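Data first, discussion second: the structure below is written as structure tokens.
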Amino acid sequence: MLVPVLLSGGVGSRLWPVSREAHPKQFLPLASELSMLQATLERTSALRASAPLVVCNEEHRFMVAEQLRQLSVQPAGILLEPEGRNTAPAVALAALQALETDQEAILLVLPADHIIKDTAAFTDAVAAAMPLAEDGYLVTFGVVPASPETGYGYIQRGDAVGEAGFELRAFFEKPDADTASAYVESGDFLWNSGMFLLRAATYLEELGNYAPDMAQHCRAAMAAASSDLDFVRPDRAAFAASASDSIDYAVMERTTRGAVVPLDCGWSDVGAWSTLWEVSAQDQDGNVLQGDVIAEDCRGSYLRSESRLLAAAGIDDLVVVETADAILVASRHRVQDVKRIVTRLREEGRSEASLHHRVYRPWGSYESLVVSERFQVKRIIVNPGGTLSLQMHHHRAEHWIVVRGTAEVTCEEKTFMLGEDESTYIPLGHRHRLANPGKIPLELIEVQTGSYLGEDDIVRFEDKYGRSG
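Position 234 of the sequence shown, counting from 1, maps to 234 under full-length UniProt numbering, and the rest follow consecutively.
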């Protein structure tokens with residue numbers, strides 16, 4: 001059985017301000033109408049594969065579940081990492097979960113934040129690699145380099161193995177320009193894609209050989225795991241005891257069973273805004289324009305607007321990205337430095353490092369429209385079937401005005417319905433709940449008034465999503 005395993009634990013800080021810790025790039029529609037996670041899932045639909053496994057962190061679990069629901073995908077499980085430990089432990093969790101139902105399971109390990117333009121070429125490469133995985137090889141896919149790229153790691157291939165593969169001779173870190181040119185000219189080097197095809201049992205065996213403590217901690221974490229609907233929660237203490245390491249370092253650079261299959265499919269890991277400029281459709285002047293953008297006499301630039309008009313004149317080779325609460329301006333040749341900006345924001349304790357102006361919750365989202373000393377106006381969207389917790393506030397009252405859909409409101413002992421253009425008042429200190437019983441999103445305007453309006457002024461009594469506090 002072929003089991004797609006989607007690794008969805010990245011942050012994508014080089015794509016700030018659109019990608020942020022609380023809502024990173026894999027959940028965003030950066031290259032198509034689908035999010036990158038959804039596009040990765042769609043690629044696996046062309047394979048004869050079982051339901052997918054997704055590995056993500058606890059904070060993103062409801063975004064993963066919702067994006068799978070939108071595609072009508074029922075996962076084999078959503079594995080929640082208690083904390084990030086890099087790819088080697090993440091794949092071990094997926095391998096242990098897959099073996100619960102099939103001792104012969106073969107994992108197709110895919111980062112959830114990559115772009116592949118030629119799905120047919122990708123599918124053919126997976127099919128060509130299957131005999132190697134069935135014979136016990138740990139197969140990685142090496143992308144045929146289109147240029148001497150310095151932003152990717154490289155794999156050196158050796159002698160031929162089987163009909164489509166090669167021995168995995170060595171891994172190399174991101175090179176300088178001269179070294180990258182030498183790699184490409186030799187014809188023996190491929191970009192390291194971070195995608196793998198391997199037997200679950202074989203991977204765990206090799207992990208036990210080369211990183212035995214990690215293997216032991218992952219086994220202990222899954223042995224004590226708990227399940228909640230599609231969510232599988234490995235034991236926190238056991239998993240936290242594992243070392244943090246990539247599958248490359250922990251296993252692939254050491255194993256004698258490694259193989260690499262070349263892949264030529266228009267691949268990109270979308271690691272920076274310059275990469276997104278390269279893979280997106282450009283106008284006659286080499287510009288990529290996204291959103292409400294007017295460009296006059298501009299060349300080679302990536303201009304993206306999320307919430308308002310962006311106008312540019314006489315600029316070359318720039319990246320300008322506008323969101324509701326931040327604007328990035330950078331040279332297209334210096335976008336790797338965006339990560340340093342995010343680091344500074346974190347050091348200064350600024351919320352823009354991790355949170356969007358629009359904040360996503362299991363039930364939907366909210367965004368602040370106006371913030372003042374004693375009042376705040378929010379736009380709240382509740383997904384069909386979504387329910388906020390039964391809660392109370394010590395320092396604020398709330399006024400709700402429905403602008404679209406139908407709201408089910410609980411306030412103390414009363415439960416009643418509100419339609420469009422209807423409103424209600426929630427006094428300070430009253431227990432209350434908001435739900436959407438309808439089939440379309442519920443949209444309302446909330447006006448908060450009081451002496452303190454922080455998000456931590458909330459006491460939860462009941463919550464269907466398992467949140468507390």
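Ideal placement from N, C-alpha and C gives every residue a C-beta, glycine not left out. Since this is a predicted model, take the numbers as computed values, not measurements.
- Within its own chain, the residues whose Cβ lies closer than 8 Å to the Cβ of A22, once the five positions on either side in sequence are excluded, are E59, S354, L355, H356, V359 and Y360, listed in chain order.
- H217 counts as buried, since at least 16 other C-beta atoms from the protein chains shown sit within 10 angstroms of its C-beta.
- Taking C-beta atoms as the reference points, P75 and V54 count as a pair closer than 8 Å.
- Bridge pairing for Y360: S365 [DSSP].
- Under DSSP, the beta-bridge partners assigned to Q376 are V371 and Q448.
- The three-state reading of DSSP puts G385 in coil, since its state is none of H, G, I, E or B.
- In the DSSP assignment, S331 falls within the beta strand (DSSP E) that extends over I327 to S331.
- Inclusion of G286 and R299 in the CB contact set at 8 Å is warranted, their separation being smaller than that value.
- Around the Cβ of A92, a 10 Å sphere holds 16 or more other Cβ atoms; the residue is buried.
- Between A200 and A98 the beta-carbon gap is near 5 Å, inside 8 Å, which marks them as a contact.
- Per DSSP, reduced to three states, the secondary structure at Q67 is helical.
- The distance from the Cβ of R334 to that of P82 is about 36 Å, inconsistent with a contact at the 8 Å cut-off.
- Buried is the label assigned to D248, since at least 16 other Cβ atoms lie within 10 Å of its Cβ.
- Using a Cβ-Cβ distance cut-off of 8 Å, the region 371–386 and the region 430–445 are in contact, since at least three pairs of beta carbons, one from each stretch, lie closer than that value.
- Within its own chain, the residues whose Cβ lies closer than 6 Å to the Cβ of Y203, once the five positions on either side in sequence are excluded, are A95, listed in chain order.
- Put simply, the backbone Cα of I327 is about 10 Å away from that of E306.
- With 16 or more neighbouring CB atoms inside 10 Å of its own CB, M252 falls in the buried class.
- A distance of 8 Å or more separates the beta carbons of A180 and P131.
- For R20, the secondary structure class from DSSP, reduced to helix, strand or coil, is strand.
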